[in-house]
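Novice:
Residue numbers (the numbering used here): 10 to 245.
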């Protein structure tokens with residue numbers, strides 16, 4: 010990605026996996042693996058699968074939350090000893106039936122989404138689309154680089170656009186579920202360049218809708234960039 014201006018608050022954060030973390034947190038020395046999991050697995054003997062990729066030290070809590078499916082969730086991270094410049098992340102979750110741990114995953118710290126999407130605009134390729142019942146229309150959006158900077162995507166910037174179906178009052182229809190698959194990366198975009206992207210790739214919701222009028226919304230998920238306005242869909 011080309012250099013972009015960031016606010017003071019944005020420059021203090023990086024994206025690591027699915028989480029935004031402060032740069033100061035990554036600068037801390039961290040603790041040993043045994044100390045990091047002591048409150049979760051008191052015997053200290055449990056390690057995630059793929060132990061060969063597990064750093065022995067440098068661990069710190071990057072994120073903590075509660076959810077409907079777990080009493081507590083934390084994300085632990087440590088600098089990778091196998092891949093310099095990357096971090097190993099492990100998720101721990103607390104349940105009534107016992108605590109669980111995931112296999113480690115490795116990520117590179119990236120500029121946060123707010124920085125990566127600066128100067129980009131997502132819009133509809135046209136204001137109205139139509140299809141027959143049960144069909145699969147070619148609904149697309151257009152990503153435009155409105156800045157004067159050449160934009161090179163980072164490894165997390167894939168081109169998956171999540172399409173959403175709304176009624177004419179703007180209420181969402183369906184649960185918005187989709188199969189992400191392996192969307193290709195966003196291409197490089199010079200100043201003023203644009204690229205057309207499919208908005209309902211691997212999304213089955215359109216095929217089950219009855220005839221009528223609908224609104225469409227879309228979001229480029231890797232950048233959390235929403236399409237401006239809404240498009241209209243007519244199903245015959």
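Here a beta-carbon is modelled for each residue, glycine too, at the ideal position from N, C-alpha and C.
With a 10 Å radius around its C-beta and 16 neighbouring C-beta atoms as the bar for buried, classify residue 177 as buried or exposed.
Specialist: Residue 177 should be labelled exposed.
Novice: Quick check for students: name the residue ranges of the alpha helix (DSSP H) that lie wholly in the segment 121 to 187, counting only runs of 4 or more.
Specialist: DSSP runs (the alpha helix (DSSP H)) wholly in the segment 121 to 187: 122 to 125.
Novice: Considering only residues of the same chain and omitting the five flanking positions on each side of residue 235, which have a CB-CB separation below 6 Å?
Specialist: Closer than 6 Å at Cβ, skipping near neighbours: 228.
Novice: Assuming contact is defined by CB atoms lying nearer than 8 Å, are residue 175 and residue 152 in contact in what I supplied?
Specialist: For residue 175 and residue 152, no; Cβs fall outside 8 Å.
Novice: Taking only the alpha-carbon atoms, compute the straight-line gap between residue 162 and residue 117 and give it to the nearest angstrom.
Specialist: If I take the Cα positions, the gap works out to 14 Å.
Novice: For the segment 89 to 108 and the segment 120 to 129, state whether three or more C-beta atom pairs, one from each stretch, are separated by less than 8 Å.
Specialist: Contact between the segment 89 to 108 and the segment 120 to 129 is absent, because fewer than three Cβ pairs lie under 8 Å.
Novice: Residues in its own chain within less than 7 Å of residue 50 by CB, not counting five upstream and five downstream?
Specialist: Contacts found: 108.
Novice: Is the CB-CB distance between residue 232 and residue 157 below 8 Å?
Specialist: Against a cut-off of 8 Å, the Cβ pair of residue 157 and residue 232 comes out as no contact.
Novice: Please confirm whether residue 214 and residue 134 have their CB atoms less than 8 Å apart.
Specialist: No, they are not a contact pair.
Novice: Residue 29 by DSSP, collapsed to three states: which one?
Specialist: Three-state result, residue 29: strand.
Novice: Indicate the three-state DSSP secondary structure (helix, strand or coil) for residue 202 in the structure shown.
Specialist: Three-state result, residue 202: coil.
Novice: List the residues that DSSP assigns as beta-bridge partners of residue 242.
Specialist: Per DSSP, 138 and 223.
Novice: Among 183, 164 and 131, which one has its Cα closest to the Cα of residue 202?
Specialist: Closest by alpha carbon: 131.
Novice: In terms of residues, what are the limits of the beta strand (DSSP E) holding residue 42?
Specialist: Unbroken run through residue 42 is the alpha helix (DSSP H), 42 to 45; no beta strand (DSSP E).
Novice: For residue 183, I'd like the list of residues in its chain whose CB is within less than 7 Å of its CB, leaving aside the five on either flank, ordered along the chain.
Specialist: Taken in chain order, the residues that qualify are 174 and 214.
Novice: Which stretch, first to last residue, makes up the beta strand (DSSP E) that contains residue 98?
Specialist: First-last of the beta strand (DSSP E) with residue 98: 96 to 104.
Novice: Considering residue 108, what are the terminal residues of the beta strand (DSSP E) in which it resides?
Specialist: Its beta strand (DSSP E) spans residues 107 to 110.
Novice: Cα separation between residue 17 and residue 39?
Specialist: Bear in mind that the predicted position of residue 17 carries a pLDDT of just 40, short of 50, making it unreliable; the figure below should be weighed with that in mind. When rounded, the distance between both Cα atoms is 25 Å.
Novice: Can you list, in chain order, the residues of its chain whose CB lies under 8 Å from that of residue 41, leaving out five sequence neighbours each side?
Specialist: Cβ neighbours of residue 41 beyond the five flanking positions: 65, 66 and 68.
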